[in-house]
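Participant: Heads up: the sequence shown begins at 52 in my numbering, then just goes up one per residue.
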Amino acid sequence: HPEIQLLEPERPEPKTFLRADAPVNSEQYAELFGQRIGRVLGEKSTSYLDRPQSAARIKAALPDAKIVVIVREPFARAVSHYRFSVQNGAETLDMAAAFTPEAEERSYETARYSVSPFLYLKRGRYADWLQPWVDVFGVSRVHVVVFERLVAEPGTLARIHRYLGVEE
52 HPEIQLLEPE RPEPKTFLRA DAPVNSEQYA ELFGQRIGRV LGEKSTSYLD
102 RPQSAARIKA ALPDAKIVVI VREPFARAVS HYRFSVQNGA ETLDMAAAFT
152 PEAEERSYET ARYSVSPFLY LKRGRYADWL QPWVDVFGVS RVHVVVFERL
202 VAEPGTLARI HRYLGVEE
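#1: In chain order, what residues of the same chain have a beta carbon less than 6 Å from the beta carbon of residue 168, not counting five sequence neighbours either side?
#2: Measuring only the C-alpha atoms, how far is residue 207 from residue 200?
#3: Look up residue 217 in the DSSP assignment and say whether it is helix, strand or coil.
#4: In whole angstroms, give me the CA-to-CA distance for residue 177 and residue 183.
#5: Three-state secondary structure (DSSP) at residue 166?
#6: Answer with buried or exposed for residue 151, where buried requires no fewer than 16 other C-beta atoms within 10 angstroms of its C-beta.
#7: Could you compute how far the alpha carbon of residue 210 sits from the alpha carbon of residue 116?
#8: Is it true that the CB of residue 198 sits closer than 7 Å to the CB of residue 123?
#9: If you reduce the DSSP assignment to three classes, tell me which class residue 220 lands in.
#10: Please check if any C-beta of chain D sits within less than 7 Å of the C-beta of residue 103.
#11: Could you pull the start and end residues of the beta strand (DSSP E) that residue 109 belongs to?
#12: Provide the residue(s) that pair with residue 55 in DSSP beta bridges, ordered along the chain.
#13: Does the Cβ of residue 218 have 16 or more other Cβ atoms within 10 Å, making it buried, or fewer, making it exposed?
#14: Just the C-alpha distance for residue 52 and residue 216, rounded to the nearest angstrom, thanks.
#15: Going straight from the alpha carbon of residue 90 to that of residue 155, what length do you get?
#16: Residues in its own chain within less than 6 Å of residue 180 by CB, not counting five upstream and five downstream?
#17: Take residue 172 as the anchor and find which of 112, 165, 147 has the nearest alpha-carbon.
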């Protein structure tokens, strides 16, 4: 979208507000974008949802931020996540063994992964993950979109555009 500029990912997401040197105000955040071409600045990161403290960091730096969360049908998300973990060498268990509460609680290489690569089923319990964001930003600043609707219903993208205040 010509009015939206996303921060370029480092690998594969910027994860700006997971870092200790996260911006503390909107000016510092805007500086990360280099030459500014968009009216609305933002970034994508699946890791933020797993780290509730990132909501507080974002709110402190960008008090008027609007949060868009795209969720996927939980089991399809879990299978995709499992395949990603296998492809990236994190997962060695078969799917049936990996999809157990005990397996989800395994330790992982924190230097390599910003969040656990094993929370296949737990990550699909969206209400638990979204509540800290609603607590910090309020319900009007957290816009939840179902991925399957985004790809199937043309009006879904227009609703996101309206929420962000950009041309549809």
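Glycine included, each C-beta is placed from N, C-alpha and C at the ideal position.
The structure presented is a predicted model; accordingly, all values stated were derived computationally and were not measured.
Facilitator: On the basis of the data shown:
#1: In the sequence shown, residue 168 corresponds to position 117, counting from 1. Only 136, 141, 159 meet the Cβ criterion.
#2: Along the sequence shown, read from residue 1 onward, the residue named residue 207 stands at position 156. Along the sequence shown, read from residue 1 onward, the residue named residue 200 stands at position 149. In a straight line, the C-alpha of residue 207 is about 7 Å away from that of residue 200.
#3: As a first step, residue 217 is located in the sequence shown; it is residue number 166 there, counting from the start. DSSP places residue 217 in coil when its eight states are reduced to three.
#4: By one-based count along the sequence shown, residue 177 stands at place 126. By one-based count along the sequence shown, residue 183 stands at place 132. When rounded, the distance between both Cα atoms is 11 Å.
#5: Here residue 166 is taken as the residue at index 115 of the sequence shown, counted from 1. Reduced to three states, the DSSP call for residue 166 is coil.
#6: Counted from its first residue, the sequence shown places residue 151 at position 100. Label assigned to residue 151: exposed.
#7: Position 159 of the sequence shown holds residue 210. Position 65 of the sequence shown holds residue 116. Their backbone Cα atoms lie some 17 Å apart in a straight line.
#8: The residue you call residue 123 lines up with position 72 of the sequence shown. The residue you call residue 198 lines up with position 147 of the sequence shown. Closer than 7 Å, so yes.
#9: Any answer about residue 220 is impossible in this case: the structure gives the chain only from 52 up to 219.
#10: Absent here is chain D; the protein component of the structure consists of one chain.
#11: Position 58 of the sequence shown, counting from 1, holds the residue named residue 109. Here residue 109 belongs to no beta strand (DSSP E); instead the alpha helix (DSSP H) covers 104-112.
#12: Walking along the sequence shown from the start, residue 55 turns up at place 4. In the DSSP output, where bridge partners are listed per residue, residue 55 has 91.
#13: Here residue 218 refers to the residue found at position 167 of the sequence shown. Of the other Cβ atoms in all chains shown, fewer than 16 fall within 10 Å of the Cβ of residue 218; this residue is therefore exposed.
#14: Here the question's residue 52 lines up with position 1 in the sequence shown. Here the question's residue 216 lines up with position 165 in the sequence shown. One C-alpha to the other measures close to 12 Å.
#15: Start at 1 with the first residue of the sequence shown, and residue 90 comes out as number 39. Start at 1 with the first residue of the sequence shown, and residue 155 comes out as number 104. Distance between the alpha carbons of residue 90 and residue 155: 40 Å.
#16: For the purposes of this step, residue 180 is identified with residue 129 of the sequence shown, where counting begins at 1. 100, listed in sequence order.
#17: Taking the sequence shown and counting its residues from 1, one reaches residue 172 at position 121. Of the candidates 112, 165, 147, the one whose C-alpha sits nearest the C-alpha of residue 172 is 147.
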